[in-house]
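Enquirer: A single structure is presented below for examination.
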Amino acid sequence: MARALAQAGVREVFCVPGESYLPLLAALPDAGVRIITCRHEGTAAMAAEAMGRLRGGMPGVCLVTRAPGAANAMAGVVVAQQDATPLLVIAGQVARGQRHAGVFQDADLTEMFRPLCKHVEEVCEPAALPAAVRRACHMAQAGVPGPVFLSLPEDVLTAAAGDDCMPCDRFMMAEEAGTDASLKPSAAPHPAPCEVRRVAELLAASERPLLIAGGGPHLWTVQARERLHELGMRLHVPLISAFRRQGLVDATHEACAGTLGFGTSPALLQALREADMLLLLGARPRGVTLQVLGAQLDLLRPPMPVAHVCMDAAECGRAVHADVSVCATPQAFLEALPVEDMLQRSGPRLARRQQWMAELHAAQLAWSDPSSMTMPGTLDMAQVWGWLRQHLPADAIICSGAGNYALWLHRFFHHRDLFGQLAPVSGSMGYGLPAALAAKLRFADRTVVAVAGDGCFQMSMQDFATAAQYGLGIIVLVVDNGQLGTIRGHQLRRFPAADCATTLQNPRFDRFAEACGGFGAQVSRTEEFADAFREAERHARQGRPALLHLPVSPQAIAPGLNAPA
14 MARALAQAGV
24 REVFCVPGES
34 YLPLLAALPD
44 AGVRIITCRH
54 EGTAAMAAEA
64 MGRLRGGMPG
74 VCLVTRAPGA
84 ANAMAGVVVA
94 QQDATPLLVI
104 AGQVARGQRH
114 AGVFQDADLT
124 EMFRPLCKHV
134 EEVCEPAALP
144 AAVRRACHMA
154 QAGVPGPVFL
164 SLPEDVLTAA
174 AGDDCMPCDR
184 FMMAEEAGTD
194 ASLKPSAAPH
204 PAPCEVRRVA
214 ELLAASERPL
224 LIAGGGPHLW
234 TVQARERLHE
244 LGMRLHVPLI
254 SAFRRQGLVD
264 ATHEACAGTL
274 GFGTSPALLQ
284 ALREADMLLL
294 LGARPRGVTL
304 QVLGAQLDLL
314 RPPMPVAHVC
324 MDAAECGRAV
334 HADVSVCATP
344 QAFLEALPVE
354 DMLQRSGPRL
364 ARRQQWMAEL
374 HAAQLAWSDP
384 SSMTMPGTLD
394 MAQVWGWLRQ
404 HLPADAIICS
414 GAGNYALWLH
424 RFFHHRDLFG
434 QLAPVSGSMG
444 YGLPAALAAK
454 LRFADRTVVA
464 VAGDGCFQMS
474 MQDFATAAQY
484 GLGIIVLVVD
494 NGQLGTIRGH
504 QLRRFPAADC
514 ATTLQNPRFD
524 RFAEACGGFG
534 AQVSRTEEFA
544 DAFREAERHA
554 RQGRPALLHL
564 PVSPQAIAPG
574 LNAPA
């Protein structure tokens, strides 16, 4: 089975070791698969999910043990399901003869995971292991990607394997074949010419079009993103990124009109109401993206023509009524779009679109200007992110979980790279650190920054030690307001007289980082941040993870929204 995983293109697995799958664990190094031992299964699953985004479609792989270990991994499975990320979770299981007998750590794992996964399987014969791996990797990537689950009874892994257990000849080791022998996803859907023509007609006839780009970076390619930027620039179409998809549109590009999410700019909300054509590209409008759209438009009867391009035919036009539905990948659609013909058809509308696009881009730059607001306290996160967007390289990767601390990141930082933002649309706390582990493993030469609130960080902080153990020079920013700030904000709005359950008594996170073998520093004033971050970078370049503890005012609920003193 270890060899089958390697032949499928798996380069690393994230795990918390368990006695239920020790034979597989022992075999992985000889198969050339690197093992990353995490401190918690939730971290292992989220790190594997992030790797699924970064590997260009190959599933990230997480290994966990029986019932409690598998249950701990559920948070990462939910992220993969809602983000459409290819993820393979492999769990050890009790022996076949002990199933449903109430033995130690027995649970029906396949039924636990079935509602969240594209494919669930318990492998009950040793000879079936390679085929199960092939099937699982294929299912994780095919169509709309997602999580898959394999349950491996302990006695299946310890049984003798004969020649019938070997993978077929098509899956020779890559070095034997002389090429990349990893599994490839099934053929991508291609748009029908009549559908492309109809979208082109709608775009060419519009004066105030908007394009919303969505889907994770694994559903795009660098070439598709370049074509998206070219489309925006040549046809003067404002480009908007869906919630937590800011890496799809370079924030400095002249066509960038902002992002949908919590704290969307007023100018962009007004533009949604005034648009005369809407193109959803690669997006499955769900969650926050759908929430923002629904607050501005009647989604069942939009006031403008809508075209929806998505690689899942079942999703096209499902949440938003579409005049044209196109089942295609972003790249296939953009390659088929007749840009030259559209330029000729646009005529005088092209100049009006240019003005529309320029106004929206200028409004977005003004909205993301750190000087546009002030934050109570001595440490201003708007200024921090303003400095970071000037200082960090264009290919830096910023990882975050859930919490109001991320609102300053979303508004004031400029993402420049396709993989520049790793964040779950599911709103899962604790994601930033696991994602940073995967990002640094995948792109060792890039600057990787994880940002988390004090509550968010404490969901996975134990795995800062994992970064230290493997020499992963990540930089972690812990924004500490001494409370679960998002929930406190809801509490103030809905139950203003109540002040309960959201206060946190926190440790000195910088000292925790030092105890793990990393670098730690506390930054209490805005003017101290630049020097502290440069010192953190110095340690990170040496393979030593760094953490900056950033105490901020508990009054700062969101940018421009402060709680009473």
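Okay, so the sequence shown: first residue is 14 according to the numbering used here, each after it adds one. Beta carbons are placed, not taken as given, at the ideal position from N, Cα and C, and that holds for glycine.
In its own chain, which residues sit with a C-beta less than 8 Å from the C-beta of His113, not counting the 5 before and 5 after it?
Expert: Only Asp119 and Asp121 meet the Cβ criterion.
Enquirer: So what does Asp493 bridge to, in DSSP terms?
Expert: As a beta-bridge residue in DSSP terms, Asp493 pairs with Pro564.
Enquirer: Under a Cβ-count criterion, where at least 16 other Cβ atoms within 10 Å of its own Cβ denotes burial, should Ala335 be classed as buried or exposed?
Expert: buried
Enquirer: For Ala17 versus Pro222, is the C-beta distance shorter than 8 Å?
Expert: no
Enquirer: Buried or exposed: which applies to Val565, given that a residue is buried once 16 or more other Cβ atoms fall within 10 Å of its Cβ?
Expert: Taking all protein chains in view, the Cβ of Val565 is crowded by 16 or more other Cβ atoms within 10 Å, so the residue is classified as buried.
Enquirer: Between the segment 277-285 and the segment 367-383, do three or more beta carbon pairs fall short of 8 Å?
Expert: They touch, by the three-pair rule.
Enquirer: In this structure, does DSSP put Glu135 in helix, strand or coil?
Expert: strand
Enquirer: With a Cβ-Cβ cutoff of 8 Å, do Gly433 and Ile410 count as a contact?
Expert: yes
Enquirer: Any idea what DSSP makes of Met442, helix, strand or coil?
Expert: Three-state result, Met442: coil.
Enquirer: Specify the secondary structure class of Asp182 as computed by DSSP and reduced to three states.
Expert: At Asp182, the pLDDT of 35 sits below 50, so the modelled position is not reliable; the number obtained from the coordinates is stated separately. Helix, per DSSP.
Enquirer: Taking the C-alpha atoms as reference points, what is the distance between Glu214 and Met355?
Expert: 7 Å
Enquirer: For Val305, which residues from the same chain have a beta carbon less than 6 Å from its beta carbon, with the 5 sequence-adjacent residues on both sides left out?
Expert: The answer, listed in chain order, is Leu273 and Thr277.
Enquirer: Apart from the five residues on each side of it in sequence, which residues of its chain come closer than 6 Å, Cβ to Cβ, to Gly245?
Expert: Leu252 and Ala268
Enquirer: Leaving out five residues before and five after Ile570 in sequence, what residues of the same chain have Cβ atoms less than 8 Å from its Cβ?
Expert: Counting only Cβ-Cβ distances below 8 Å, and skipping sequence neighbours, we find Asn417, Gly498, Arg501, Gly502, Leu505 and Ala576.
Enquirer: May I have the straight-line CA-CA distance separating Ser384 from Asp263, to the nearest angstrom?
Expert: 21 Å
Enquirer: Relative to the alpha-carbon of Phe126, which residue among Leu101, Leu363 and Phe117 has its alpha-carbon at the smallest distance?
Expert: Leu101
Enquirer: Could you tell me which whole beta strand (DSSP E) segments of length 3 or greater appear in the segment 190-249?
Expert: Listed in chain order, they are 222-226.
Enquirer: Around the Cβ of His423, are there at least 16 other Cβ atoms within 10 angstroms (buried) or fewer (exposed)?
Expert: buried
Enquirer: For Ala63 and Pro447, which I take to be in contact (beta-carbon distance under 8 Å), what is that distance rounded to the nearest angstrom?
Expert: 6 Å
Enquirer: Helix, strand or coil, according to DSSP, for Glu25 in the structure here?
Expert: strand
Enquirer: Measuring alpha carbon to alpha carbon, tell me which of Glu287, Pro81 and His203 ends up nearest Val107.
Expert: Pro81
Enquirer: Kindly give me the distance between the Cβ atoms of Pro72 and Cys150, rounded to whole angstroms, as I take these residues to be in contact under 8 Å.
Expert: 6 Å
Enquirer: Under the three-state reduction of DSSP, which class applies to Phe477: helix, strand or coil?
Expert: Residue state, collapsed to three classes: helix.
Enquirer: Per DSSP, what kind of secondary structure is Pro36 in: helix, strand or coil?
Expert: Of the three classes helix, strand and coil, the one that applies to Pro36 here is helix, per DSSP.
Enquirer: Indicate whether the contact test is met: 3 or more Cβ pairs, each with one atom in the segment 199-210 and one in the segment 129-149, closer than 8 Å.
Expert: no
Enquirer: Does the segment 287-299 come close enough to the segment 313-322 to have 3 or more Cβ pairs within less than 8 Å?
Expert: yes
Enquirer: Would you identify the three-state DSSP class for Pro310, choosing helix, strand or coil?
Expert: Strictly speaking, residue 310 in this sequence is Leu, with Pro absent from that position. Looking at Leu310 - three-state DSSP - the assignment turns out to be coil, as it is neither helix nor strand.
Enquirer: With a Cβ-Cβ cutoff of 8 Å, do Ala543 and Gly533 count as a contact?
Expert: no
Enquirer: By the DSSP assignment, the alpha helix (DSSP H) with Arg459 in it spans what residues?
Expert: Annotation: Arg459 is outside any alpha helix (DSSP H) and is labelled neither H nor E by DSSP.
Enquirer: How many whole angstroms separate the CB atoms of Asp467 and Val491, which I take to be in contact at a CB cut-off of 8 Å?
Expert: 6 Å
Enquirer: With a CB to CB cut of under 6 Å and the five nearest residues on each side skipped, what residues in its chain are close to Trp380?
Expert: The residues are Ser278.
Enquirer: Buried or exposed: Asp176, going by 16 or more other Cβ atoms within 10 Å of its Cβ?
Expert: Residue confidence is low: Asp176 scores 49 on pLDDT, short of 50, so the model does not pin down where it sits. No coordinate-derived value is stated.
Enquirer: What whole-angstrom Cβ distance do Ala451 and Pro558 have, given they're in contact under 8 Å?
Expert: With a Cβ gap of about 14 Å, Ala451 and Pro558 do not count as contacting.
Enquirer: Helix, strand or coil for Val485 per DSSP?
Expert: Note that residue 485 is Leu in the sequence shown, not Val. Looking at Leu485 - three-state DSSP - the assignment turns out to be coil, as it is neither helix nor strand.
Enquirer: Which of helix, strand or coil does DSSP assign to Arg362?
Expert: helix
Enquirer: Going by DSSP, what residues sit across from Cys529 in a beta bridge?
Expert: In DSSP, Cys529 forms no bridge with anything.
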